[in-house]
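In my numbering, each residue carries its 1-based index in the sequence shown increased by 6. Let me begin by presenting the structure, written as structure tokens, before commenting on it.
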Amino acid sequence: MARKFFVGGNFKMNGTKESIKGIVKNLNEAQLDPNVEVVIAPPALYLQLARDELTKTGVEVSAQNVYNKPNGAFTGEISVSQLKDLGVHWTILGHSERRTLLGETDEIVADKTKFSIDGGVSVIWCCGESLQEREAGETIAVIERQLAALAAKVTAADWKSIVIAYEPIWAIGTGKVATVQQAQEVHEAIRKWLRANVGDEVADSTRILYGGSVNGKNCKDLAKEKDIDGFLVGGASLKPEFVDIINSNQ
């Protein structure tokens, strides 16, 4: 089954009105591969700005987080209905920076994912292992534990609204990147787990992205691997080379 290449840009807590406008202008004017689905995730303050500035077909806006409760007395949080009110239909969930810094457990991330999908917002669901876990040979076990928590909450139909992003924690923002072989091995293991525990259709159709210091130099080699269906890009999404990453599958 053909899987449409997908590139997400996670701006994290970076950007100003001026810089966000500049990034969006660059995307609007660039020659982007029409066979790639592109999603950019600016800070929540700039979601509306990014939506208003974007004119490029095939580029959408994503939140970086969403709360798993309806509107109400939840200071500082953003609801699914508020995202939809802005015309935002994607969110990133389970990023290691939220798992480690804010204590979001596998179960919390899974619950948020289900709540988002039920509300009509698709999810870029992140998973990944620490350096200590990799060196202990626990990479696949960690990923499978995270996947199991997700699978326990979502239905088979929900998977069409999920894009998986494998982000080894030790390679996020460090300048280190998994080798092509390391990345492919984990992506292959994720697809194998989906096939065994969810089903062939989900395993064949679910897109699995690589994240972790992806840049304009390493993206083309990574994109050639059969189980790497795109990227979730951090720092490089703030730079002009983001266009090269989007076009890396050509």
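All C-beta atoms, glycine included, are put in the ideal place defined by N, C-alpha and C. All of these numbers come straight from a predicted model, not from anything done at the bench.
Assuming Phe248 is part of the alpha helix (DSSP H), what are its boundary residues? Here the question's residue 248 lines up with position 242 in the sequence shown. Phe248 to Ile252 is the span of the alpha helix (DSSP H), which, as asked, contains Phe248.
So Lys120 packs on Asp164, CB below 8 Å; how close in whole Å? Residue 120 sits at position 114 when you count from the first residue of the sequence shown. Residue 164 sits at position 158 when you count from the first residue of the sequence shown. That belief holds up - the Cβ atoms of Lys120 and Asp164 are roughly 7 Å apart, short of 8 Å.
Do you know offhand how far Thr22's Cα is from Leu244's? Translated into the one-based positions of the sequence shown, residue 22 becomes position 16. Translated into the one-based positions of the sequence shown, residue 244 becomes position 238. Those two C-alpha atoms are separated by around 11 Å.
Buried versus exposed call for Gln70 [16 or more other C-beta atoms within 10 Å across all chains shown]: Locating residue 70 in the sequence shown gives position 64, counting from the first residue. Residue environment for Gln70: buried (at least 16 other C-beta atoms within 10 angstroms of its C-beta).
Taking the DSSP output, what are the residues bridged to Phe12? By one-based count along the sequence shown, residue 12 stands at place 6. For Phe12, which the question treats as bridged, DSSP gives the partners Glu43 and Gly236.
Taking the alpha helix (DSSP H) that Gly28 falls in, what are its first and last residues? Position 22 of the sequence shown holds residue 28. Note, Gly28: alpha helix (DSSP H), Lys23 to Glu35.
From Gly28, Trp199, Ser167 and Leu238, pick the residue whose C-alpha is nearest to that of Tyr52; which is it? Stepping through the sequence shown from its first residue, residue 52 is reached at position 46. Here the closest residue by C-alpha is Gly28.
May I ask you to verify whether the segment 125-135 touches the segment 94-108, counting CB pairs closer than 8 Å and requiring at least 3? yes
According to DSSP, Ser68 sits in a beta bridge with which residue or residues? Walking along the sequence shown from the start, residue 68 turns up at place 62. In the DSSP output, where bridge partners are listed per residue, Ser68 has Trp96.
Nearest by alpha-carbon distance to Gln190: which of Ala158, Ala36 and Leu228 is it? Stepping through the sequence shown from its first residue, residue 190 is reached at position 184. It is Leu228.
Given this structure, state the Cα-to-Cα distance separating Glu113 from Leu60, to the nearest angstrom. Working through the sequence shown from its first residue, we reach residue 113 at position 107. Working through the sequence shown from its first residue, we reach residue 60 at position 54. Glu113 and Leu60: Cα-Cα distance of roughly 34 Å.
On the DSSP letters alone, give me the boundaries of the beta strand (DSSP E) that Ile130 sits inside. As a position in the sequence shown, residue 130 is number 124, starting the count at 1. Ser128 to Cys133 is the span of the beta strand (DSSP E), which, as asked, contains Ile130.
Is the beta carbon of Leu200 sitting closer than 7 Å to the one on Val208? If you number the sequence shown from 1, residue 200 lands on position 194. If you number the sequence shown from 1, residue 208 lands on position 202. Judged by their CB atoms, Leu200 and Val208 are nearer to each other than the 7 Å cut-off.
Between the alpha carbons of Ile123 and Arg213, how many angstroms are there, rounded? Within the sequence shown, the letter at position 117 stands for residue 123. Within the sequence shown, the letter at position 207 stands for residue 213. Rounded to whole angstroms, Ile123 to Arg213 spans 16 Å at the Cα level.
Helix, strand or coil: which one does DSSP assign to Ala171? As a first step, residue 171 is located in the sequence shown; it is residue number 165 there, counting from the start. Residue state, collapsed to three classes: strand.
How long is the line joining the alpha carbons of Thr106 and Gly241, rounded to whole angstroms? As a first step, residue 106 is located in the sequence shown; it is residue number 100 there, counting from the start. As a first step, residue 241 is located in the sequence shown; it is residue number 235 there, counting from the start. Looking at the two C-alpha atoms, the distance is approximately 19 Å.
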